[in-house]
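A short write-up of the structure that comes next.
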Amino acid sequence: MFPPKNLEAIAQQLHNALPQGLKDVGSDLEEKFKQVLQAQLAKLDIVTREEFDVQSQVLLRTREKLVELEKRVDELLAQKAENSQSQPNSN
């Protein structure tokens, strides 16, 4: 979820950006901003930077493992082809 601290900072920036006449409406406006932001952000599939970095590392390790496995499969296929060529057909 979106960190509440960041949400409050965004709501404060929105409140500060309002013309003075609207700011005078009351501090309820900033609270409403937070509520609307929180509701709309909850609808999005947002991850934190930390979660993103962790998943990036997992993906990197997975790719490395895939390259290793592809190399091993190629070696085994080459070995199998070599063995079939060196053995005479039994037909």
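Counting from 587, one number per residue, gives the positions in the sequence shown under our numbering. Even for Gly, the Cβ is constructed at its ideal location relative to N, Cα and C.
Between the alpha carbons of A625 and R647 lies a gap of roughly 35 Å.
Here A628 is exposed: its Cβ has fewer than 16 other Cβ atoms, across all protein chains shown, within 10 Å. Contact check between the region 589-598 and the region 613-621: three or more CB pairs, one atom from each, fall below 8 Å, which counts as touching. Secondary structure note for I596: its alpha helix (DSSP H) is the uninterrupted segment 590-603.
Under the DSSP assignment, D614 falls in the alpha helix (DSSP H) whose first and last residues are 614-629. Contact annotation, Q598 with E616: C-beta distance approximately 7 Å; criterion of less than 8 Å satisfied. Per DSSP, reduced to three states, the secondary structure at T634 is coil, with no helix or strand assignment.
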